[in-house]
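The opening position of the sequence shown corresponds to residue 125 in my numbering, with each subsequent residue numbered one higher. We treat Cβ as the ideally placed atom computed from N, Cα and C, and that holds for glycine. These figures come from a predicted structure and were not determined experimentally. Quick notes on the structure that follows.
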Amino acid sequence: MLERKQLKDRIRVTFVLPAETPPGSVSVVGDFNDWQPGAHVLEPRADGKRAVSVALPGKSAHSFRYLGEDNHWFDEADADGHDGTNSRLHT
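And the structure:
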(Lines of atoms letter the chains of each structure in order from A and count residues from 1; the text may use other names and numbers.)
(Lines give C-alpha, C1' and ligand atoms only; values in the text may rest on other atoms or scores of the structure.)
Protein backbone atom coordinates (compact mmCIF):
# COMPACT_ATOMS: atom_id res chain seq x y z
CA MET A 1 0.00 0.00 0.00
CA LEU A 2 1.15 3.54 -0.70
CA GLU A 3 0.34 6.45 1.60
CA ARG A 4 0.94 10.04 0.51
CA LYS A 5 1.16 13.25 2.52
CA GLN A 6 1.71 16.74 1.16
CA LEU A 7 4.68 18.50 2.74
CA LYS A 8 5.68 22.09 2.10
CA ASP A 9 7.34 21.50 -1.27
CA ARG A 10 7.45 17.70 -1.51
CA ILE A 11 5.26 14.63 -1.15
CA ARG A 12 6.04 12.11 1.57
CA VAL A 13 5.33 8.65 0.17
CA THR A 14 5.12 5.82 2.69
CA PHE A 15 5.52 2.28 1.41
CA VAL A 16 3.54 -0.12 3.63
CA LEU A 17 3.50 -3.93 3.78
CA PRO A 18 2.07 -6.49 6.20
CA ALA A 19 4.41 -7.37 9.06
CA GLU A 20 5.39 -10.83 7.81
CA THR A 21 4.38 -10.97 4.14
CA PRO A 22 6.82 -11.71 2.75
CA PRO A 23 8.85 -12.90 5.71
CA GLY A 24 12.21 -11.32 6.49
CA SER A 25 13.74 -8.00 5.61
CA VAL A 26 12.31 -5.95 2.72
CA SER A 27 13.57 -2.72 1.17
CA VAL A 28 12.05 -0.46 -1.43
CA VAL A 29 14.39 0.32 -4.30
CA GLY A 30 13.77 2.69 -7.16
CA ASP A 31 15.00 5.54 -9.28
CA PHE A 32 14.71 7.85 -6.24
CA ASN A 33 17.50 5.96 -4.42
CA ASP A 34 19.55 4.88 -7.44
CA TRP A 35 18.20 1.33 -7.10
CA GLN A 36 20.29 0.74 -3.97
CA PRO A 37 19.09 -2.29 -1.96
CA GLY A 38 19.00 -1.55 1.75
CA ALA A 39 18.78 2.23 1.31
CA HIS A 40 15.14 2.26 2.45
CA VAL A 41 14.36 -0.77 4.64
CA LEU A 42 10.79 -1.19 5.87
CA GLU A 43 10.59 -1.06 9.67
CA PRO A 44 7.84 -2.19 12.07
CA ARG A 45 5.28 0.43 13.06
CA ALA A 46 2.65 0.61 15.81
CA ASP A 47 -0.25 -0.67 13.68
CA GLY A 48 1.45 -4.04 13.15
CA LYS A 49 2.56 -3.30 9.61
CA ARG A 50 6.00 -2.26 8.39
CA ALA A 51 6.83 0.84 6.41
CA VAL A 52 9.39 3.32 5.19
CA SER A 53 8.86 6.90 3.96
CA VAL A 54 10.60 8.84 1.21
CA ALA A 55 10.13 12.56 0.42
CA LEU A 56 9.82 13.08 -3.34
CA PRO A 57 9.32 16.12 -5.54
CA GLY A 58 5.71 16.93 -6.38
CA LYS A 59 4.33 16.31 -9.86
CA SER A 60 6.90 13.63 -10.67
CA ALA A 61 6.81 9.94 -11.62
CA HIS A 62 9.02 7.18 -10.25
CA SER A 63 9.73 3.50 -10.88
CA PHE A 64 10.31 1.18 -7.92
CA ARG A 65 10.13 -2.41 -6.69
CA TYR A 66 10.42 -4.22 -3.38
CA LEU A 67 13.38 -6.47 -2.65
CA GLY A 68 12.96 -9.20 -0.07
CA GLU A 69 15.32 -11.81 1.25
CA ASP A 70 16.95 -14.32 -1.10
CA ASN A 71 16.84 -11.76 -3.93
CA HIS A 72 13.02 -11.92 -4.11
CA TRP A 73 11.82 -8.94 -6.19
CA PHE A 74 8.11 -8.05 -6.18
CA ASP A 75 5.75 -5.26 -7.14
CA GLU A 76 3.29 -3.03 -5.28
CA ALA A 77 -0.26 -4.22 -5.95
CA ASP A 78 -1.65 -0.71 -5.32
CA ALA A 79 0.87 1.13 -7.52
CA ASP A 80 -0.32 3.88 -9.86
CA GLY A 81 0.75 1.69 -12.76
CA HIS A 82 3.45 -0.62 -14.06
CA ASP A 83 6.08 -0.31 -16.78
CA GLY A 84 7.16 -3.83 -17.53
CA THR A 85 8.73 -5.21 -14.36
CA ASN A 86 8.52 -2.03 -12.26
CA SER A 87 5.77 -0.46 -10.22
CA ARG A 88 5.07 3.22 -10.97
CA LEU A 89 4.15 6.00 -8.60
CA HIS A 90 3.02 9.55 -9.38
CA THR A 91 3.30 12.32 -6.80
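Cβ neighbours of Gly182 within its own chain (closer than 6 angstroms, five residues either side excluded): Ile135 and Thr215. Rounded to whole angstroms, Asn210 and Ala143 show a C-alpha spacing of 22 angstroms. Its chain contains Pro161, Gly162, Ala163, His164, Val165, Leu166, Val176, Tyr190 and Leu191 as the residues whose beta carbon lies nearer than 8 angstroms to that of Ser151, once the 5 sequence neighbours on both sides are disregarded; these appear in chain order. In this structure, Leu126 keeps its C-beta atom at 7 angstroms or more from the C-beta atom of Asp207. Note: Phe139 is bridge-paired with Leu126 and Val176 in the DSSP secondary-structure output.
CA-to-CA, the gap between Asn157 and Thr145 works out to about 23 angstroms. The bridge partners DSSP lists for Gly154 are Phe188.
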